[in-house]
Amino acid sequence: MKVVICEDDQLQREQLLKEIQAYASFHEPSIEVVLCTGSPDEVLAYSQLQQADCYLLDIELNHQLDGMDIAMDLRKNDPLTSIIFITTHADRLKLTFSYKLAALDFIVKDTPKRISIQLREALQAAFATYKQIGQSEQLPMIQIEIGERIKNIKVQDIYYLETSSLPHKLSLYDRNGFYEFYGKLRDFEQLDGLLFRCHKSFLINLRHVREVNKKERTVLMANGATCDVSFRLIRELQKRLSLQTKDLS
Amino acid sequence: MLFITFSLLNYIIVYGSLFYVFSLRVTGTRLLSSFLANAFIAFLSYLLPNSLWMSMFSSILISGCLFYLFSRRTSAFLHAIVIPICTLLSEYTSALVVHHFDLPLYIHASLIVLQLVMLVALYKRVIDSFQDVIRSSTLPKAVLLLIVGLTFIVFYSLVFIPAEQGEFNLTFFNLSLLFLYFLIMVALSSILLYTMTKEKKLAEKKIEQQQFSHYIQALEQVNRDMQAFHHDYANILLSLRGYMEIEDWDGLKDFFETQIMKVEEQTFARNRIFHQLDRLGITEIKGLLATKLMKADELSIPINIEIPDSIEAISLNTIDLTRILGIFIDNAIEESSLVNDPQINLAFISMKQQVIIVFENKMEERDISISALYEDHYSTKGQNRGLGLPTAKKILSGYPNVTFNSHIENGWFIHIVIIERC
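Respectively, the protein sequence lines represent chains A and B. Quick note on this note's numbering: the first sequence kicks off at 1 and runs consecutively. Quick note on this note's numbering: the second sequence kicks off at 1001 and runs consecutively.
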């Protein structure tokens, strides 16, 4: 994993470099610092020619460009690279970093000991992302854009999708909450064999069905919500469900 | 045969204009059910050819109910009365004109269509421009419904009954009288709506002023804090000097860590919050946030707000926006009293095409499902509380340009509202 450091304070820059090298030699030998500089121009010049996998950027740089500007520029060319900000207490913009710049993490300037702990955690996260990008084979996912940040939700974790009363708006429910986005239910039917369009407005995941109420023509999902089932499909729903339990046993 | 053609024509006119006025999407079920309703009315008028009023009133009632079912808006009944009035008015005026000048049939037909299109388009424009007032409270809706309902009855008894009995002179006199009346009624209704709009604006202004004064009060508090800090500052320097004079380096280190850094963080946290709020150009929200942030501060809940770029407008009704923000903050503060290390983060992030509002608070680990939190009347703290979240969701679901996410992630309860710029 190639790492670029941009920090204009020389003392702090050297400390960061030392820390990363120490972490690399003990834990992940494949981590390598390819550029360690105080000038944003050098970072941008480097990114034009080559790709790094992880950037550590100081927010406050003594330059007309600050860390956020660099990050914006980097994002244009490479949407996948990990960005870690280094910041003082005064401008701790956690949410902005993650939703506007899709930054992976940030490190608050503090005592050397605490910086070191934060740096390790951030590097670990960056390395995990780096490995994940390398893996070509992945489970089917639904991607939801929230600003620049992309949230991946595994199809198997979805409880159900529902249309809203307004056109083109869909809601997705999983164990942790719900997400609204623009799209059509039809586009998600084929993602996975266990998604079942049981009604004009519902696409349910058969893995998370708790029970079927045949009389009311509804189905109770694992989160306690009920979805409608259309008259024509209730038989098929029961058939698919019993097939699935047979497969499991 | 003629009868069927007429009822089809009636269907196209009445339901077509209703779909148009509501800006409703025409789907198969809607088309079919409205068609069946019309067929029923046609059948009724066929059975009882002598009491036309029966089928007329039932037509209004049925189309009103049908469109109420489609749109869930009570204004369906209003539109269901107004459109037949428009239809009948244009039919009879053109009939009289044709009768008077002895014009051919095709002119008659085109006169009807022309008048009707004009009336319906005008009506839609009026409704759209006043929809804020009409939707927000029931009083103007009720008054309008009353006016329109009475108009219909008067029109019917004065114009249509004599016309049916063939007394065209009487009809002509009544019609011109009623045309005057119609104009007066339109004027009166618009005056009513105008005053309602004005009153509403005044109320909004008042809220804005209140919020602004809250903001000023909060700012004054920060100012007092800063003065206190200045006062302490001199003392801190003196203590530092004391440690240095006796060369107690360990004591100095300890004093620096525990006193200076901590005080600095606390004092500047508030200051920073107001610095961020400066970038928000919407006074009402500024005031609301300032008040709520001070409240959280009093309860010593750490709260952080991020507004990285200036935001002048958010494409959401201001009252709705203040309501949902109030709900989210109150919920977050309530929840924070249950956890050991509370923290609330709030961000208004301006992007090219959208504004993103992010809200997160630390949450107690417990086995709850989010959908339960969004059910009416659900609260973890007993009955009749926690009505906030379902209300917020309901408000936001009415906007086509807004998407709303709410989930739990690593002990944080996160709400994200994405507002596309329009």
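Beta carbons: idealized from backbone N, C-alpha and C, even for Gly. Please read these numbers as outputs of a predicted model, since none were measured by experiment.
- Runs of the alpha helix (DSSP H) spanning 4 or more residues and lying entirely within the stretch 1244-1316 of chain B occur at 1249-1255, 1261-1277 and 1283-1298, in chain order.
- Cβ-Cβ distances below 7 Å link A/ASP174 to ILE153, ASP157, ILE158 and TYR159 in the same chain, with the five nearest sequence neighbours on each side left out; the list follows chain order.
- If you compare the alpha carbons of A/LEU195, A/GLU42, A/GLU180 and A/ARG92 with that of A/ARG207, the shortest gap goes to A/LEU195.
- Judged by their CB atoms, A/ASN223 and B/SER1045 are not nearer to each other than the 8 Å cut-off.
- A straight-line Cα-Cα distance of about 24 Å links B/PRO1140 and B/LEU1321.
- In the three-state scheme derived from DSSP, where H, G and I count as helix and E and B as strand, B/HIS1214 is classed as helix.
- The DSSP-derived three-state label of B/HIS1108 is helix.
- For B/PHE1130, the secondary structure class from DSSP, reduced to helix, strand or coil, is coil.
- In the displayed model, A/THR129 falls within a helix according to three-state DSSP.
- Take the alpha-carbon of A/ASP58 and the one of A/ALA102: they are about 16 Å apart.
- A/THR226 and B/TYR1399 have their C-alpha atoms spaced approximately 24 Å apart.
- No Cβ of chain A is located within less than 8 Å of the beta carbon of B/THR1074.
- Using a Cβ-Cβ cut-off of 7 Å, A/GLU180 is close to THR1403, PHE1404 and ASN1405 of chain B, given in chain order.
- Under the DSSP definition of a beta bridge, A/LYS151 partners with A/ILE144.
- Counting along the chain, A/HIS199 sits inside the beta strand (DSSP E) bounded by residues 195-199.
- In the pairwise beta carbon analysis, the stretch 210-219 of chain A is classified as touching the stretch 232-239 of chain A: at least three pairs are separated by under 8 Å.
- Within 8 Å of the CB of A/GLY67, no CB atom of chain B is found; the nearest one sits about 12 Å away.
- Rounded to whole angstroms, the separation of the alpha carbons of A/LEU44 and A/LEU65 is 11 Å.
- In this structure, DSSP gives A/ASP105 an extended state, which the three-state scheme calls strand.
- Annotation: B/ILE1085 to B/PHE1152 spans about 6 Å, alpha carbon to alpha carbon.
- Taking C-beta separations shorter than 8 Å and ignoring five residues to either side along the sequence, the partners of B/VAL1339 in its chain run LYS1362, MET1363 and GLU1364, following chain order.
- Around the beta carbon of A/GLU7, 16 or more other beta carbons lie within 10 angstroms, which makes this residue buried.
- In this structure, the CA atom of B/VAL1402 is about 25 Å from the CA atom of A/ARG75.
- In this structure, the CA atom of B/VAL1417 is about 8 Å from the CA atom of B/VAL1355.
- Classified as exposed, B/GLU1220 has fewer than 16 neighbouring CB atoms from the shown chains inside 10 Å of its CB.
- Spanning the alpha carbons of B/GLU1204 and A/GLU180 requires a straight line of approximately 30 Å.
- Close partners of B/ASN1304 in chain A (Cβ separation under 8 Å): ARG92 and LYS94.
- Here A/ARG149 is not near A/SER82, since their CB atoms are 8 Å or more apart.
- Assigned with DSSP and collapsed to three states, A/LEU65 falls in coil, not helix or strand.
- According to the DSSP assignment, B/SER1371 belongs to no beta strand (DSSP E) but to the alpha helix (DSSP H) extending over 1370-1373.
- For the pair B/PHE1348 and B/PHE1359, the Cα-to-Cα distance works out to about 9 Å.
- Within chain B, no C-beta atom comes nearer than 9 Å to that of A/TYR160; the closest sits roughly 10 Å away.
- Distance check between A/LEU243 and each of A/VAL229, A/LEU35 and A/GLY193 places A/GLY193 closest, using alpha-carbon atoms only.
- A Cβ-Cβ separation of about 7 Å places B/THR1087 in contact with B/VAL1014 under the 8 Å criterion.
- Relative to the Cα of B/ILE1324, the nearest Cα in the group B/CYS1065, B/PRO1390 and B/ALA1290 belongs to B/PRO1390.
- Beta-carbon to beta-carbon, B/LEU1277 and B/LEU1288 are separated by about 11 Å, too far to satisfy the 8 Å threshold.
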